[in-house]
Amino acid sequence: MNRGALALLCVLWPALFLGSGCASAQWKPTGAERESGPRGSSFAAPGGWMMASQSDDTVLSIDGPQLQAIHVTFHGEMPATKAALDPAAPPSELAELYIAELQNLTGSQVEVVENTPATVAGKPGFRLRVRHNRHAQHAPVDAYEIYAVGHGSGLYVLSYGAFETYLFERDRAAFEELVKSFQLPP
Amino acid sequence: MRDLPLAAALSLLCACHTVEVEPFRDGSDVGKRVEDETLLWDQSDEFDDTVASAGLLYEDEELRTYVQGVLERLFPEFEGVLHVRVLTSPVVNAFTLPSGSIYVHAGLLAILDSEAQLASVLAHEGSHFTHRHGMRTRAQSSNAGTLATVLSCAGLGLFAGPLAASSISGYSRDLEREADQLGFARTVAAGYEPGQAVEAFRRLLARCRAEEEESSLFFASHPALEERIASYEALSAASPGGGDAGVELYEKRTAAITRSALESELELRDFAAVLTMLELQGGRLSPGHASYYRGEALRQRGGDGDPAAARAAFEEALRESPDLVPAHRSLGRLCLRLGDRESARVHLARYLELAPDAPDRAYVENELGGIPR
């Protein structure tokens, strides 16, 4: 599995995070300074969280990535569908591609609750609210909020995922603040 | 990801062998189960519950009743024992549990085009049940007797890929041949046109060939489909002919699930599947829809010549059905991409006019607003 697919899976399946290549990155506490994201991007991280970076994926969590995680990820390609990614495409088409990627990775177990245009780092992008139901006994439903924007040679994706019950709403404000602070490379 | 269950199933096939049990003669026989078989039935019931609670069933009672009716016409002596369920999945698949639960996927219904073709698949699947192929297919490993083993031997994982179908890859070749022969006899006895069985398997083959990667794996290990088409041709040639095809009612009952399967494949960006399904199901869709879906597959695929072909398809769709709402949006977006701003403006505006509450209204408004005057 290539890194792009792994990053997407880490977004969608927090439990995989520790058992995968994502876990090999070094964790550190978030600081007061702006943090560097993938490919020259940057953001202000919520205080008191832990973060780790590897290749084109930066992850932040406060209770552990099995419970909730924010990812800032760069995709130069769509790994599951192999779809060509044109960063200049309209946000609606980029959203279409990204949803196809999620459905392919999960066997169509993602429910898109909202799909709307959004401004990300001052540029037109999209925002998704999705639910991931693994249909497995006792498996919790995960909720995700995802912002993305095409820039340079690919797609910058900021996602927040947590168990739908309790955790998702608890930490969503921290994610929204991170999104507001996100900057693309020049 | 889709080929993983198939690979796993193929690796298990060599471990499957058969034990001998008498076939069920009718519904009253099914109480005479041996101990291991009772376990398989219990597990089948659990499987049914899991599938239902996971929301994987296609909710269309009229369609389910129709398919169940075809099954009962084929197996009247098993009424109340054999049950069919329709799954939302766009994969081309049908399979039978040892308890007589038959599952048919949306993708299979979408590529067939007559009731007689559906009957040939159901007759084949029902014969796996009546002749207790689940029980007869046992593995040598220590987990022999579990439902997972039976499903694996039948070429199935729980959410198997498009080729891991018992209608296609199946049990051992001998059991498949037996189900073909028994099923064919049932189809003819029920008054269906015999030649439709050949057509059903031709359609399965055409759809499988659209899945290039998987088919290379499949055909390397299972030359069964082509062989079975030849076998059905021989059976059909030796039969008296006549019988019902049942095209009209089948088209009516399956129009909605065909659209659903097409939309699922589009969402997964399986464009080859979409184009093959459109080729196979011909005019089943409402006016304009086939052209619209063809246009969508081409627009999203975006290969050489695709944008122009997509535009022609959308224009054709709108000639057939001038108020086909999504065709206006797609043509508008395509025109925007092709630099034809005026046409883009016309079609995007028409889309919003026809669908004022569209969930993607904000996107379309942005797109319209971005077109310079």
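Residue numbers (our numbering), protein chains in the order written: chain A, 1 to 186; chain B, 1001 to 1373.
Built from N, CA and C at the ideal position, the CB exists for glycine as well.
This structure is a prediction, so every number in the text was calculated from the model and none was measured.
Endpoints, beta strand (DSSP E) assigned at residue 51 of chain A | 50–54
Residue 40 of chain A: which of A:61, A:146, A:163, A:56 sits nearest, CA to CA?
-> A:56
Going along chain B in order, which residues have a C-beta closer than 7 Å to the C-beta of residue 119 of chain A?
-> Within 7 Å Cβ-Cβ: nothing; residue 119 of chain A doesn't reach chain B, min ~10 Å.
Helix, strand or coil for residue 28 of chain A per DSSP?
-> strand
Going by alpha carbons, who is nearest to residue 969 of chain B out of B:1062, B:1029, B:1037?
-> Given a span of 1001 to 1373 for chain B in the structure shown, any question on residue 969 of chain B remains unanswerable.
Stretch-stretch touch, CB-based, cutoff 8 Å, three pairs: the stretch 1224–1243 of chain B with the stretch 1189–1202 of chain B = yes
Would you list the one or two residues that DSSP bridges to residue 127 of chain A?
-> A:116, A:147
By DSSP, does residue 44 of chain A sit in helix, in strand, or in coil?
-> Residue 44 of chain A: strand per DSSP, three-state reduction.
Take residue 1321 of chain B and list the residues in its own chain whose beta-carbon comes closer than 6 Å to its own, dropping the five residues that flank it on each side.
-> 1287, 1288
Could you check the C-alpha separation between residue 1206 of chain B and residue 1113 of chain B for me, to the nearest Å?
-> 14 Å
Would you tell me roughly how many angstroms separate the C-alpha atoms of residue 126 of chain A and residue 1294 of chain B, rounded to the nearest one?
-> Near 26 Å, if we compare the C-alpha coordinates of residue 1294 of chain B and residue 126 of chain A.
Please work out which residues of its chain come closer than 6 Å, Cβ to Cβ, to residue 1235 of chain B, disregarding the five sequence neighbours upstream and downstream, and give them in chain order.
-> 1184
Where does residue 1250 of chain B fall in DSSP's three states?
-> helix
Between residue 108 of chain A and chain B, is there a C-beta pair that is closer than 9 Å?
-> yes
Compute the distance between the beta-carbons of residue 1300 of chain B and residue 1266 of chain B, then report whether it is under 9 Å.
-> yes
Kindly confirm or deny that the stretch 57–71 of chain A and the stretch 91–103 of chain A touch, where touching means at least three C-beta pairs closer than 8 Å.
-> no
Just confirm the distance between the C-beta atoms of residue 1051 of chain B and residue 1067 of chain B, as a whole number of angstroms; I'd bet it's less than 8 Å.
-> Going by Cβ atoms, the distance from residue 1051 of chain B to residue 1067 of chain B rounds to 16 Å, so no, they are not a contact pair.
Looking at the structure shown, is residue 1081 of chain B part of a helix, part of a strand, or coil, going by DSSP?
-> coil
Does any C-beta atom of chain A lie closer than 9 Å to the C-beta of residue 1315 of chain B?
-> no
Reducing DSSP to helix, strand and coil, say where residue 1230 of chain B ends up.
-> helix
Going along the stretch 1351–1365 of chain B in order, which residues come within less than 9 Å of chain A, judged by CB to CB distance?
-> 1359, 1360, 1362, 1363, 1364, 1365
Within the 9 Å Cβ cut-off, does residue 128 of chain A reach chain B?
-> no
For residue 1191 of chain B: DSSP bridge partner residues = Its beta-bridge partners do not exist; DSSP assigns none.
Cβ shell of residue 181 of chain A (< 6 Å), same chain only, five flanking positions each side left out = 43, 44
For residue 70 of chain A, go through chain B and note every residue whose CB falls closer than 9 Å to its CB, in chain order.
-> Residues of chain B passing the Cβ test: none, with the nearest at roughly 25 Å.
Just the C-alpha distance for residue 186 of chain A and residue 74 of chain A, rounded to the nearest angstrom, thanks.
-> Roughly 15 Å between the two C-alpha positions.
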